[in-house]
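In this note's numbering, the protein residues as written are 239 to 1359.
Note that CB positions come from ideal geometry on N, CA and C, so glycine has one too.
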């Protein structure tokens, strides 16, 4: 009963008091189950509540514990409990004394992302917090953690911030009011995205302008430009009122002013009655902003502490503050900054879109305008919703530009915007205007229509009309060429329209018969070739129509196109009714007749076309008579000896004809004729079986074991038997050597190659080809091998190597190094490899520019050799040893030795590890260490090694007390990551593993001894550089070197970088691991600036799904302010 309970509560005995309190709890539980549902009306509950204020500390503590138990067991609703509790804190004295103790309560009520608390409770709690003393840090902490990732959380956060703004205005706290302006502006962007009404925010910003510093202009104006982009017409006037205040009263960067102008242009391009008043203001703002040419004198740095704190949790503020800083740092290097930005990931380029628009509008530099236009078009291609904004901007810029090259560049980009429905009419209207603006522009418009057709098939009817109009009205070569070029593009890319263009092609061929009409006729033939390819028309019937005209054709450019058409014929389809054999015979006969014409270009084109016809499809009669002279002599002899019997026509072309061809063609087309024979040899080799390379009795002396028709036999026998000293033979002999030196998938059949010793003396070129032939065959031919070994023995010293290598023809040995490494023993190869490489390096160190090419050629050959698994193990070791030797002698990180690293990447992992491990060196020199860093960073980040982290760890430990080398390590990581980011084949899974590996290793270091902890901050720096480079955000920096040289910049960029990465879908799988690690790092012993970076990164990730389930854990750690 109550008397007993009362007695025990006054007993001052902890045991009795505890027992009495438990009786009260039990009574409350029973009444809630049977009688009363409202706990506040139960007498025992009221008694418990009053006892919380008892003078007896044991009673008050026990009563408070009882209330906690009621909440914990669900007997007392938590929301109701917190409301009651907050009402008890109304006294500012109580509040002031209890801030630290009550932090979890405030955080739970105000930062709960699940929105369980009632609005009135949150409002009262917030009011209590912002009106109490000693609560500044707690208030700031709660502001940082307010979520805005859903409509309800965004509206809630907005209400809290507006309430705070009201209070700050009353206090006339200028610094805080200044910081609130961009915060409210950024919240407005999110409210608009969620479809919520933002008028209160606009009114508040205008009020805050009465109590703020004017350095806030840049950041606020660029945020207002973002708002203008997504703002419904109903609110536009309010937005522009704010912009007008900024433009009239605050200094702004000229690019930011033009950013505003760019966002207004689309509204002015699409006027509406819904915002007529706003458009008047918009025009005034546009005139004012675009007339501003001078830069303001500030540096863009904002020292407002509260704004910097707000930036920790707000991506908009953080990003634009960084971007504005970069704009102020750009002097004469805008173009290089844009070059870097164009290589950034699309999400970063899109974030920069408005500022890029501002640069585009403001700049008068042709290269800058063209580059920024290129980036904006890139963005529009990937994010179509932005295309109409860019198009409005582009059309406006066209009216202001005076540089002809820029004008042409911008006009050429207009067709890019035909891909969206809303832009198509504007693009067509613009091109129509050009089409009707006189002849030069008319022809340019036709080119632009073709580009538009690539983006939108519906443009075909416009280009079709324009072509027919031009063909009918304009009778000049410029018009004909333009139309023919356009028709060719259509036939090649959209052959379904080709049939209706055939009459136009016929018109061009019939009309363009003079010299000026040659280009148009040639293009028409190219179009016909495309239509034959896609079987729109048949090549057989087409040729019957074309033949009478083409047989008389003399114009070079037309005959070149005809040869190209003939060259494509073997790949075309034919009808069963076509006389295919007769047709092919006719075509190749024409092509052979062209090979001996005086026009070199036509002869070359004919030889190129003949390569598509197999040699057995060519009748002997098709060859020019000069090429058959040997046969004719032979036939004449046979005819005489058989007393007039008619000799039968041969069914194949004897090999001797090809030698006659080489002798009789114009020497200017000799290499084209040789290329034809190379193609014939390729077909011949494909027909050989492996037995042809087996000769147990030794290599044959000649090629007479091959059939008479063999091209290989003809070339080989001519090389073997001809007089090498006769100057009349030498040109043909060198060409024959070139033909044999061509590298096929299969080697040439065996022969005793001793005759190459004589051919080498014909000329330097002949020597190169002879060495190449011997190199290709030294694996299967003893004579070739002996020849090569004899030549290699000449490399006796570095000076001798220099003398030989001055003649670049000797580089052929390196071109075929993989073959030499398969066939030649290391002892016979070593001297050549050593002397030539040392010569190249010595010359580079003497600044001989020519030797850089030599070194690069040597390293490229090493790469090819290492890639070949068939090379002798001894030769692999030899090449590896050479790479190791030179790494100890020179600084291989200088620009002259870049190819060295490509060769190192091909080594076996164990060799690279041994060569680059500082622990195996007797002396650690800066050159060796830089080389090791460059190699290991490449190998580690490209995933070429099984233990990537260990590889980097060795270097980090070695550079611990060497700031210069630490800087170089960061530079190397930045360079490799930038290269990886630009490679489409980059394996992001490897990069994710890297990030997690680094985080785990830093965890391990934290629990190590103090000695090991020295390196923690450097590990953090590496992690920051790695994540910043993966995100691409370092592209915002005015100079990319700043990422390595400035710790402050790394710390500033890291939170944004990790937030950008986690926004990408592929990174979502490790979000929770990263967030938990960031939270853990907030409680470690790393320097405060690093803790702030980890904290800011975690706060920026509070919009991720994982935050909703883990938020209590994250908020249990006090936020550093």
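Near residue i, which residues of its chain fall below 7 Å by C-beta distance, leaving aside the five closest residues on each side in sequence?
i            : result
residue 530  : 492 and 495
residue 795  : 756, 757 and 760
residue 283  : 266 and 277
residue 839  : 794 and 798
residue 922  : 948, 949 and 950
residue 1292 : 1262, 1265, 1266, 1331 and 1335
residue 733  : 768, 769, 772 and 774
Would residue i and residue j qualify as a contact pair, given that the criterion is a beta-carbon distance under 8 Å?
i            : j            : result
residue 689  : residue 648  : no
residue 1322 : residue 1244 : yes
residue 1155 : residue 553  : no
residue 1289 : residue 1281 : no
residue 1096 : residue 1056 : no
residue 620  : residue 664  : no
residue 381  : residue 367  : no
residue 590  : residue 561  : yes
residue 421  : residue 558  : no
residue 860  : residue 801  : no
residue 451  : residue 416  : yes
residue 1079 : residue 1090 : no
residue 1127 : residue 1094 : no
residue 500  : residue 614  : no
residue 679  : residue 669  : no
With DSSP collapsed to three states, give me the class of residue i.
i            : result
residue 557  : helix
residue 647  : helix
residue 1374 : The requested residue 1374 does not occur in the structure, where the chain is confined to residues 239 to 1359.
residue 689  : helix
residue 1035 : coil
residue 996  : helix
residue 1138 : helix
residue 1203 : helix
residue 1313 : helix
residue 941  : coil
residue 1156 : helix
residue 639  : coil
residue 1085 : coil
residue 540  : coil
For residue i, which of the options has the nearest alpha-carbon?
i            : options                   : result
residue 466  : 423, 442 and 1121         : 423
residue 1009 : 1050, 1359, 1114 and 747  : 1050
residue 1305 : 1277, 1265, 1275 and 937  : 1265
residue 1147 : 1118, 1130 and 1123       : 1118
residue 1335 : 550, 995, 985 and 764     : 550
residue 1303 : 1343, 1267, 1314 and 1292 : 1343
residue 1189 : 865, 1173, 1203 and 1204  : 1173
residue 977  : 957, 996 and 961          : 957
residue 1064 : 697, 1052, 1111 and 998   : 1111
residue 1071 : 1086, 815, 1039 and 1084  : 1039
For residue i, which residues of its own chain have a beta-carbon under 6 Å away from its beta-carbon, when the five flanking residues on both sides are left out?
i            : result
residue 882  : Confidence at residue 882 is low in this model, with a pLDDT of 42, below 50, so the placement of that residue should be treated as unreliable; the coordinate-derived value is given next. Cβ within range, chain order: n/a, list empty.
residue 1352 : 1317
residue 1269 : 1295, 1298 and 1299
residue 878  : A caution first: residue 878 carries a pLDDT of 49, below 50, which makes its placement in the model too unreliable to give a value.
Cutting at 8 Å between CB atoms, please list the residues of its own chain near residue i, excluding the five before and the five after it.
i            : result
residue 1329 : 1319, 1320, 1322 and 1358
Can you find a heavy atom of the ligand GTP that lies under 7 Å from the Cβ of residue i?
i           : result
residue 342 : This structure simply doesn't include the ligand GTP, nor any ligand for that matter.
Does the region 472 to 480 come into contact with the region 570 to 578, if we say contact requires no fewer than three beta-carbon pairs (one atom in each stretch) closer than 8 Å? no
Specify whether the region 1092 to 1101 and the region 1137 to 1146 touch according to this definition: at least 3 beta carbon pairs, one from each stretch, less than 8 Å apart.
With a cut-off of 8 Å, the region 1137 to 1146 and the region 1092 to 1101 count as touching, because enough Cβ pairs lie within range.
- Item | the region 940 to 955 touching the region 888 to 897, judged by at least three CB pairs closer than 8 Å | yes
message = Whether or not the region 1196 to 1204 and the region 1162 to 1169 are in contact is what I'm after, with contact meaning three or more pairs of Cβ atoms, one per stretch, closer than 8 Å; do they touch?
response = yes
Flag this pair as touching only if the region 963 to 972 and the region 909 to 927 have three or more C-beta atom pairs under 8 Å; answer yes or no. Flag = no, the region 963 to 972 and the region 909 to 927 do not touch.
task = Count the C-beta pairs between the region 685 to 705 and the region 720 to 727 that are closer than 8 Å, then say yes if the count reaches three, no if not.
result = Taking a cut-off of 8 Å for Cβ pairs, the region 685 to 705 and the region 720 to 727 touch, as three or more such pairs fall below it.
Counting pairs of Cβ atoms below 8 Å between the region 429 to 438 and the region 522 to 529, do you hit three or more?
-> Verdict: no, contact absent.
Practice prompt. Would you be able to state if there are at least three C-beta pairs under 8 Å between the region 505 to 516 and the region 599 to 614?
Written response: Short answer: they don't touch.
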